[in-house]
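In our numbering, the protein residues as written are 1321 to 1631. Please read the structure below before turning to the comments.
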Ligand SMILES: Nc1nc2c(ncn2[C@@H]2O[C@H](COP(=O)(O)OP(=O)(O)OP(=O)(O)O)[C@@H](O)[C@H]2O)c(=O)[nH]1
Ligand SMILES: [Mg+2]
């Protein structure tokens, strides 16, 4: 093809939205970061780390993929749980393709049946990502059976469906996944400029970085009762001043978050500040304080402040 021909007409390439869904802790955010090549979503060993939809954008000569990382689908009772699930299920219908991620090192649980049931009705193409294959994938066949049961037919009879072993951690088949996705996407112009990798408001990104450091240091039961809000952020010369409020539900949790002699909070502050300085490319003065606010997980207006739209 000569150059004049190539440059004429509308930009040709593929583009679409791809939702990454699955129960908590299956590695959705890790996979997204791996594909996008930058950290756009926080990751932790604690289930239910992601609380909002996070978009990560991948570009190459084939086109653009807008990934939507979603909170893990889980069975929960309070309003935050409801928002998180709705936020995931809501993406099923706007997506051009779905990556349903399962953790093959773990047994199929009740939550998985819930997730598979919700996904079986979706019209968009589905890629069943058999993730954490680096851990040997002991339970692969259970996940395939579960999916066949949810769809009511065997894999070879499924249309617009692909099975793919994956590891977000070591990158196994990550490129293959991108190729499969491009095959499923329609020809369309890019949705975002090429230099954007993430569309989450900066305050949420910053709050999430602080939350990630807290998750790294906390015990399992604390994190779900914990939230971070950026109350103030302003740049003065070469320094960005950030004031972050850490909310917990009980006085005892506040003590744990602060730690003996303020040690936990101090470590969190140091770790978060380092990462924020890289992100913002300025010096960062980070002020952290902790407040007890009972029942924030059920407080509509507060949840909205955290970025949850009402459904
Ligand atoms: N061995 C192994 N561990 C992984 C892999 N992907 C993710 N992990 C680990 O699994 C844990 C959960 O990863 P996340 O990426 O936060 O999982 P998630 O699905 O986004 O979790 P939620 O946001 O809570 O729904 C972390 O400790 C990761 O390091 C993988 O491919 N192999
Ligand atoms: Mg996540």
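C-beta atoms are modelled at their ideal positions from N, C-alpha and C, and glycine is treated no differently. Computed from a predicted model, the values in this text were never measured in an experiment.
- Taking each of 1604, 1397, 1547 and 1368 in turn and checking the Cα distance to residue 1616, the smallest one comes out for 1547.
- In its chain, beyond the 5 residues on either side, 1362 and 1364 have a beta carbon closer than 7 angstroms to the beta carbon of residue 1532.
- Counting of Cβ neighbours within 10 angstroms places residue 1441 among the exposed residues, the total staying below 16.
- Runs of the beta strand (DSSP E) lying entirely within the region 1517-1592 and spanning at least 3 residues, in chain order: 1547-1556 and 1559-1568.
- For the pair residue 1621 and residue 1516, the Cα-to-Cα distance works out to about 30 angstroms.
- For residue 1369, the shortest separation between its Cβ and any heavy atom of ligand 2 lies below 6 angstroms.
- In the DSSP assignment, residue 1434 falls within the alpha helix (DSSP H) that extends over 1430-1440.
- The region 1455-1498 is shown to contain whole beta strand (DSSP E) runs of 3 or more residues at 1481-1485, in chain order.
- Residue 1438 and residue 1335 have their alpha carbons spaced roughly 25 angstroms apart.
- Beta-bridge annotation (DSSP): residue 1609 is paired with 1565.
- Closer than 6 angstroms to some heavy atom of ligand 1: that describes the Cβ of residue 1345.
- For residue 1409, the enclosing alpha helix (DSSP H) begins and ends at 1399-1414.
- Residue 1380 has its Cβ no nearer than 6 angstroms to any heavy atom of ligand 1.
- Residue state for residue 1603 is assigned as strand, using DSSP reduced to three classes.
- The nearest non-hydrogen atom of ligand 2 is 6 angstroms or more from the C-beta of residue 1364.
- In this model, residue 1524 and residue 1388 are separated by some 16 angstroms (Cα to Cα).
- Residue 1386 is bridged by DSSP to 1337 and 1377.
- Between ligand 2 and residue 1348, a heavy atom-to-CB distance of less than 6 angstroms is present.
- Less than 7 angstroms separates the beta-carbon of residue 1454 from that of residue 1489.
- Sequence-distant partners of residue 1460 (beyond 5 residues in either direction) whose C-beta falls short of 6 angstroms from its own C-beta, in its chain, are 1424 and 1450.
- Looking at the DSSP output, residue 1451 sits in a beta bridge with 1423.
- The alpha carbon of residue 1435 has as its nearest neighbour, out of 1400, 1456 and 1471, the alpha carbon of 1471.
- Between the region 1393-1406 and the region 1603-1618 there are three or more inter-stretch CB-CB distances shorter than 8 angstroms, so the stretches are counted as touching.
- Apart from the 5 residues on each side of it in sequence, residue 1510 sits with its Cβ closer than 8 angstroms to the Cβ of 1331, 1333, 1335, 1379, 1383 and 1384 in its chain, given in chain order.
- Our two residues, residue 1585 and residue 1530, have alpha carbons roughly 10 angstroms apart in a direct line.
- For residue 1356, the uninterrupted alpha helix (DSSP H) run begins and ends at 1348-1356, by DSSP.
- Rounded to the nearest angstrom, the Cβ distance from residue 1578 to residue 1542 is 12 angstroms, too far for a contact under 8 angstroms.
- Comparing alpha-carbon positions, the option among 1496, 1407 and 1465 lying closest to residue 1432 turns out to be 1465.
- The C-beta separation of residue 1597 from residue 1603 comes to about 6 angstroms, placing the pair in contact by the 8 angstroms criterion.
- In the three-state reduction of the DSSP assignment, residue 1418 falls in the strand class.
- Just so you know, the alpha carbons of residue 1502 and residue 1512 end up roughly 16 angstroms apart.
- For residue 1364, there is no enclosing alpha helix (DSSP H), since its DSSP letter is neither H nor E.
- With 16 or more other CB atoms across the displayed protein chains lying within 10 angstroms of its CB, residue 1463 is buried.
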